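The structure appears below as structure tokens.
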Amino acid sequence: MSTFLGMPSLPVYGTGNLFASESFPTAAHRELGNAQLRANLGHATHTIRDKRLKMVAELPDWEQLRDAGSAIKESVMARLPELLEQFEENFTARGGVIHWARDADEANAIVAGLVRDTGETEVVKVKSMATQEIGLNEYLEEQGITAFETDLAELIVQLDHDKPSHILVPAIHKNRTEIRDIFLREMPGADPQLTDDPAVLAMAARAHLRRKFLSAKVAVSGANFALADSGTLAVVESEGNGRMCLTLPETLITVMGVEKLLPSWQDLEVFMQLLPRSSTGERMNPYTSLWTGVTEGDGPQNMHLVLLDNGRSAALADEMGRSALHCIRCSACMNVCPVYERTGGHAYGSTYPGPIGAILSPLMTGIQAEENNSLPYASSLCGACYDACPVKINIPDILVHLRSVDVDSKRGKKKLPSQMDAGMKAASWALSSGKRLGMIEKGLPLGRLVAGPDKKITKLPGIAAGWTQSRDIPAPPRESFRSWWAKEHRKPDTSSAPEPSQDKEDQP
Amino acid sequence: MSAREEILGRIRTALKDNPEAPQIPRQYRQTSPLDESALIELLVDRLIDYKAQVSVVDAAGVPARIAELLAGAQSYVVPTGVDAGWLTGLDHESGERRRHLDSTAAPLSVAELDGIDAVVTGSAVAVAETGTIILDGSPNQGRRAISLVPDHHICVVNAADIAGILPEALRRIDGTRPLTMISGPSATSDIELERVEGVHGPRKLDVIIAR
Chain A
1 MSTFLGMPSL PVYGTGNLFA SESFPTAAHR ELGNAQLRAN LGHATHTIRD
51 KRLKMVAELP DWEQLRDAGS AIKESVMARL PELLEQFEEN FTARGGVIHW
101 ARDADEANAI VAGLVRDTGE TEVVKVKSMA TQEIGLNEYL EEQGITAFET
151 DLAELIVQLD HDKPSHILVP AIHKNRTEIR DIFLREMPGA DPQLTDDPAV
201 LAMAARAHLR RKFLSAKVAV SGANFALADS GTLAVVESEG NGRMCLTLPE
251 TLITVMGVEK LLPSWQDLEV FMQLLPRSST GERMNPYTSL WTGVTEGDGP
301 QNMHLVLLDN GRSAALADEM GRSALHCIRC SACMNVCPVY ERTGGHAYGS
351 TYPGPIGAIL SPLMTGIQAE ENNSLPYASS LCGACYDACP VKINIPDILV
401 HLRSVDVDSK RGKKKLPSQM DAGMKAASWA LSSGKRLGMI EKGLPLGRLV
451 AGPDKKITKL PGIAAGWTQS RDIPAPPRES FRSWWAKEHR KPDTSSAPEP
501 SQDKEDQP
Chain B
1001 MSAREEILGR IRTALKDNPE APQIPRQYRQ TSPLDESALI ELLVDRLIDY
1051 KAQVSVVDAA GVPARIAELL AGAQSYVVPT GVDAGWLTGL DHESGERRRH
1101 LDSTAAPLSV AELDGIDAVV TGSAVAVAET GTIILDGSPN QGRRAISLVP
1151 DHHICVVNAA DIAGILPEAL RRIDGTRPLT MISGPSATSD IELERVEGVH
1201 GPRKLDVIIA R
């Protein structure tokens, strides 16, 4: 395929809530100080992890489903222009109207315009990552339009003027008592006798939102899947707030990233098995709604879909990173991540936290945007996220790739070599020859001297100080293993020596 | 340049390495080996696990079971295409008085639906393995709003409509109809990931499996 004349050849990055405004280590350090947060997160992530494992173990063909899911998404990315055009044709033929949005600002303006056209000043919202990403609620508020979040967790976050910290359970960082207090403080007409029993709190939310649902004229949703061969959209949910928003209002405005497509109806059978078990750890979520354009006499009669790029095409342009767009937003990677479990979602800055966010955010914004270059380092590369991912996104590989993109992006910008550059150069020199390494190893007793009588090195100089900030280094041995081995094998007669055969000198 | 042209152009440029669309390996299960009684048993187990109430009756027993479940309801709604035989178990006079009919031609308002206690519908297909019932808006299931707003949903599933696994079930329905997949009553796990049944959708789901 040739490059299209007049088309931008450089990636065009996304805007909106995709940025870490401070570096991950700084934000993580602050969040780690919050013991309540860590306790809440530890409890929640472990609960959901166990549920997921149990549900996944029930299916004998889980790995085959993952293989199919991964291949379907890879195929979608390869065929994206063609599938988008096919979807557009089908959706439009069934009475829907498609709007294309290059970035967050354009998407927000389109939605606000559509709401304004209805003459309404209030909308009900189904939980949607895409609208979080573009900051739709805040924009609508500036335009004099009030958006009511109707998912329980989103409602909690909205009432508390807080930010979501997890893509599936956005209020995971709050415990029941904190939620009760938010309801008492922010929910008009909340019963002062409200207890912190989750069932009681859920009923309070039901009562609070019921009137809104029954009178709403306009709803805004996201979409979990879009089928190219029919123009069908799907929303997967639990509470019934989605059904309310998708069924009762006259106008439905859906905002969806361009990567959400699936080629055909048959592909849904794969994803509707993968998503609920990975996400909430259920065999199936309580409710899934599917609609294909307008159905006369059933549901909204004005149907709009905003197709959002906002940096997705930039992510797609990265051959190593494009599979991050396979993500179906299940959040399994967050729940198994040892880093997320301790820092929580706010430390990542972006709408997309956790392992997937650490790759998706910099891919969509470019590595040099704000502090997003710190995100690919927010990982121990343990690989738990890759194992848990229902569409087999190799997150650790992409993290490493993005670290190299980050390093490359800084190369040649500084006149003087940094400590890291110098250290790496020295390591490269030392490790490229056994003789050199042996020479350096002779210095080990010096380390013992530094360690002193308690046999610990507690403080390293320069950038290495980061290593000893939270751990000690045990005193090094008297001599290196290699030197010990060589010595032992030179004296085959001594009783303590191992089998004298196969004795080999160090590689040069 | 329109946003459409520009976005499609960006995507084409991003794919300038011409990645190949792989063959899709569909080695996952396509069918389930269970017979009808095993399917019923599995579906019942899964529905109960997600806090739905289930009864298994002979087709002739459906009217009596519906009458029993509606005993406490002041009012109920049925789609006009509902199997008329299902309502014969109700006391003639009170059954009529409490009944509201709904169709796309003569829909009840949302406020009217909000004042109705229960809804009786059929279903298109069910999935035993996941405890899922799928409504497709056929005349015996009606508009999506009627099975959503009333707080008690009584849903009849014909044993012949139970599929073992999801791929089998989805092959039996038309994906372009307005579809609702229901797996238990509405629920949330948003507070400390503790599952609470009953939020905005019907808080009570009664499933009648008709053999």
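Read top to bottom, the protein sequences are chains A and B.
When we follow the working numbering, the leftmost residue of the first sequence carries the number 1, and every step to the right adds one.
When we follow the working numbering, the leftmost residue of the second sequence carries the number 1001, and every step to the right adds one.
Every residue gets a Cβ at the ideal spot worked out from N, C-alpha and C, and that includes glycine.
In this text, all values refer to a predicted model and were calculated from it rather than measured experimentally.
query                                                                                                                                                                                : result
Quick one: is V258/A near chain B, going by C-beta distance under 8 Å?                                                                                                               : yes
Give me the residue from R66/A, F481/A and D50/A with the minimum Cα distance to Q273/A.                                                                                             : R66/A
Any beta carbon of chain A sitting closer than 8 Å to that of G1131/B?                                                                                                               : yes
Decide if A93/A is buried, meaning its Cβ has at least 16 other Cβ atoms within 10 Å, or exposed.                                                                                    : exposed
Inspect the beta-carbon positions of S289/A and W265/A and report whether they are closer than 8 Å.                                                                                  : no
By how many angstroms is the C-alpha of A107/A removed from the C-alpha of L308/A?                                                                                                   : 7 Å
Do the stretch 1057-1064 of chain B and the stretch 1085-1095 of chain B touch if we need at least three Cβ pairs shorter than 8 Å?                                                  : yes
Check whether the stretch 1135-1152 of chain B touches the stretch 1009-1027 of chain B, taking contact to mean three or more Cβ pairs, one atom from each stretch, closer than 8 Å. : no
Chain B partners of N175/A, CB-CB under 7 Å?                                                                                                                                         : E1192
Taking the beta strand (DSSP E) that W291/A falls in, what are its first and last residues?                                                                                          : Y287 to T292
Quick check: A223/A and M256/A, are their CB atoms within less than 8 Å of each other?                                                                                               : yes
Chain A partners of E1020/B, CB-CB under 8 Å?                                                                                                                                        : A78
Measuring straight from C-alpha to C-alpha, what distance separates V1054/B and L1047/B?                                                                                             : 7 Å
Determine the direct distance from the alpha carbon of D1114/B to that of A190/A, and round the result to whole angstroms.                                                           : 21 Å
M320/A by DSSP, collapsed to three states: which one?                                                                                                                                : coil
Verify whether the separation of the beta carbon atoms of K163/A and V157/A is less than 8 Å.                                                                                        : yes
Determine whether the beta carbon atoms of A68/A and R1026/B lie at a separation below 8 Å.                                                                                          : yes
Shorter than 8 Å from the beta carbon of L1135/B to some beta carbon of chain A?                                                                                                     : no
Consult DSSP for K260/A and reduce its assignment to one of helix, strand or coil.                                                                                                   : helix
By how many angstroms is the C-alpha of D472/A removed from the C-alpha of S374/A?                                                                                                   : 25 Å
So, at 7 Å on beta carbons, what are the nonlocal neighbours of N372/A in its own chain, with the 5 sequence-adjacent residues on each side left out?                                : F19, A20, S361, P362 and T365
Hey, could you find the ends of the beta strand (DSSP E) E237/A is sitting in?                                                                                                       : T232 to E237
Counting C-beta neighbours from all protein chains within 10 Å, is the total for E31/A 16 or more, i.e. buried, or is it exposed?                                                    : buried
Chain B partners of T280/A, CB-CB under 8 Å?                                                                                                                                         : S1189
So the candidates are E1096/B, D1045/B, E1197/B and G1142/B; which of them puts its Cα closest to the Cα of A1105/B?                                                                 : G1142/B
Return yes when the Cβ of I1173/B is within less than 8 Å of the Cβ of I1134/B, no when it is not.                                                                                   : yes
Buried or exposed, going by whether 16 or more other CB atoms sit within 10 Å of the CB of T1031/B?                                                                                  : exposed
Examine chain B for any beta-carbon lying closer than 8 Å to the beta-carbon of V56/A, and answer yes or no.                                                                         : no
What is the residue span of the alpha helix (DSSP H) that I1209/B lies within?                                                                                                       : Where I1209/B is concerned, there is no enclosing alpha helix (DSSP H), although the beta strand (DSSP E) it sits in stretches over K1204 to A1210.
Between which two residues does the beta strand (DSSP E) containing A101/A stretch?                                                                                                  : G96 to A101
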